[in-house]
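Letter by letter, the sequence shown follows residues 1 to 105 of our numbering.
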Amino acid sequence: MWSPFVAFAALLRPTLSLIPIGHLGGRQWAARNAIFAAQTLMLGAAAKGIDTCPMEGFSASQVARLLNIPRGAVIPLVIALGYRSDDARIETRWRNPVSELVVSH
1 MWSPFVAFAA LLRPTLSLIP IGHLGGRQWA ARNAIFAAQT LMLGAAAKGI DTCPMEGFSA
61 SQVARLLNIP RGAVIPLVIA LGYRSDDARI ETRWRNPVSE LVVSH
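Structure below.
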């Protein structure tokens, strides 16, 4: 009797992990969803000719102290923004042709 229920519940496990439950769940949800704001910021900056670089692996406590952010705030990433120097050596952008990426049957 419980076997079908257990099998169904196992299918929902990945989805349920997306629901912010409790303090830690809320922090994880905020960290995951910050990437949407980061993407919007980076795309907007690129449209204005500003280069960006998202970074992980920083000391969140030092960033919070430097920017006077309240203790316990979630700081999932830092984004550096700046204008490219006139003599910057930037590799040419390239993309694979769609025919190499998409397979249709």
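Even glycine gets a Cβ: it sits at the ideal position worked out from N, Cα and C.
>> Once the 5 residues before and after V63 are set aside, which same chain residues still bring their CB inside 6 Å of it?
In response: Position 63 of the sequence shown, counted from the first residue, corresponds to residue 63. If we look at V63 and ignore the five residues flanking it on each side, its Cβ neighbours are I75.
> With a CB to CB cut of under 6 Å and the five nearest residues on each side skipped, what residues in its chain are close to F58?
Replying inline: Within the sequence shown, residue 58 is the residue found at index 58, counting from 1. These residues qualify, in order along the chain: V78.
> To the nearest angstrom, how far is it from the Cα of P97 to the Cα of V103?
Replying inline: Position 97 of the sequence shown, counted from the start, is the residue given in the question as residue 97. Position 103 of the sequence shown, counted from the start, is the residue given in the question as residue 103. Between P97 and V103, the C-alpha separation is close to 12 Å.
>> Using C-beta distances below 8 Å, list every residue in its chain close to A38, excluding the 5 sequence neighbours before and after it, in chain order.
In response: On the sequence shown, residue 38 is found 38 positions in, with the first residue counted as 1. Here the set comprises P54, L77 and I79.
> To the nearest angstrom, how far is it from the Cα of Y83 to the Cα of I35?
Replying inline: Along the sequence shown, one-based indexing puts residue 83 at 83. Along the sequence shown, one-based indexing puts residue 35 at 35. Taking the straight line joining both Cα atoms gives about 22 Å.
> According to DSSP, is G72 helix, strand or coil?
Replying inline: Residue numbering aside, residue 72 sits at position 72 when the sequence shown is read from its first letter. Reduced to three states, the DSSP call for G72 is coil.
> Terminal residues of the continuous alpha helix (DSSP H) containing A80?
Replying inline: The residue labelled residue 80 in the question sits at position 80 within the sequence shown. Unbroken run through A80 is the beta strand (DSSP E), V78 to G82; no alpha helix (DSSP H).
> Taking the C-alpha atoms as reference points, what is the distance between P70 and A30?
Replying inline: Here residue 70 corresponds to residue number 70 of the sequence shown, with the count starting at 1. Here residue 30 corresponds to residue number 30 of the sequence shown, with the count starting at 1. Their backbone Cα atoms lie some 15 Å apart in a straight line.
> Under a three-way DSSP split, which group does T92 fall into?
Replying inline: Within the sequence shown, numbered from 1, the residue matching residue 92 stands at position 92. Note: T92 maps to coil in three-state DSSP.
> Cα-Cα, which of R32, L43, K48 and A47 is closest to E56?
Replying inline: For this step, residue 56 is matched to residue 56 along the sequence shown. Here the closest residue by C-alpha is R32.
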